[in-house]
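Take a look at the structure below.
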Amino acid sequence: GGFPAIEALEIILSQIIQDISAKPQSVVEVIVAIYGRVAQVIDIEAVIKEVSQKSD
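First residue of the sequence shown? That's 23 in my numbering, and the numbers climb one at a time after it.
Encoded structure:
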(Lines of atoms letter the chains of each structure in order from A; the text may use other names.)
(Lines give C-alpha, C1' and ligand atoms only; values in the text may rest on other atoms or scores of the structure.)
Protein backbone atom coordinates (compact mmCIF):
# COMPACT_ATOMS: atom_id res chain seq x y z
CA GLY A 23 0.00 0.00 0.00
CA GLY A 24 0.84 3.68 -0.02
CA PHE A 25 2.26 5.89 2.69
CA PRO A 26 -0.19 6.03 5.61
CA ALA A 27 -1.46 9.53 6.37
CA ILE A 28 -1.38 8.75 10.10
CA GLU A 29 2.38 8.13 9.93
CA ALA A 30 2.86 11.40 8.06
CA LEU A 31 0.83 13.22 10.73
CA GLU A 32 2.86 11.66 13.55
CA ILE A 33 6.12 12.74 11.90
CA ILE A 34 4.84 16.27 11.31
CA LEU A 35 3.45 16.58 14.85
CA SER A 36 6.79 15.49 16.31
CA GLN A 37 8.52 18.13 14.15
CA ILE A 38 6.06 20.78 15.36
CA ILE A 39 6.70 19.81 19.00
CA GLN A 40 10.46 20.07 18.44
CA ASP A 41 10.05 23.46 16.75
CA ILE A 42 7.81 24.74 19.57
CA SER A 43 10.05 23.51 22.39
CA ALA A 44 13.17 24.93 20.71
CA LYS A 45 12.02 28.49 21.33
CA PRO A 46 9.12 30.07 23.25
CA GLN A 47 6.23 31.07 21.01
CA SER A 48 2.80 32.55 21.47
CA VAL A 49 -0.27 30.35 21.18
CA VAL A 50 -1.17 32.08 17.90
CA GLU A 51 2.23 31.26 16.39
CA VAL A 52 1.87 27.63 17.46
CA ILE A 53 -1.61 27.37 15.92
CA VAL A 54 -0.40 28.95 12.67
CA ALA A 55 2.50 26.48 12.54
CA ILE A 56 0.17 23.52 13.09
CA TYR A 57 -2.32 24.69 10.46
CA GLY A 58 0.51 25.22 7.97
CA ARG A 59 1.80 21.68 8.51
CA VAL A 60 -1.70 20.18 8.39
CA ALA A 61 -2.28 21.92 5.05
CA GLN A 62 0.88 20.22 3.77
CA VAL A 63 -0.46 16.83 4.91
CA ILE A 64 -3.76 17.39 3.10
CA ASP A 65 -1.84 18.26 -0.08
CA ILE A 66 0.29 15.12 0.36
CA GLU A 67 -2.85 12.99 0.75
CA ALA A 68 -4.34 14.45 -2.44
CA VAL A 69 -1.15 13.71 -4.38
CA ILE A 70 -0.98 10.14 -3.03
CA LYS A 71 -4.61 9.53 -4.03
CA GLU A 72 -4.00 10.86 -7.55
CA VAL A 73 -0.88 8.76 -8.03
CA SER A 74 -2.49 5.59 -6.67
CA GLN A 75 -5.56 6.05 -8.89
CA LYS A 76 -3.40 6.50 -12.00
CA SER A 77 -1.41 3.34 -11.22
CA ASP A 78 -4.56 1.18 -10.98
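The beta-carbon is built from N, C-alpha and C at its ideal position, and this holds for glycine as well.
Span separating the alpha-carbon of residue i from that of residue j
i, j, result
"I53", "P26", "24 angstroms"
"L31", "I64", "10 angstroms"
"E29", "E72", "19 angstroms"
"Q75", "S36", "30 angstroms"
Beta-carbon proximity of residue i to residue j, cut-off 8 angstroms
i, j, result
"I38", "I66", "no"
"R59", "I42", "no"
The alpha helix (DSSP H) enclosing residue i, as first and last residue numbers
i, result
"S43", "A27 to A44"
Considering only residues of the stretch 44 to 77, which uninterrupted alpha helix (DSSP H) runs meet the minimum length of 4 residues and lie entirely inside it, listed in chain order? 49 to 77
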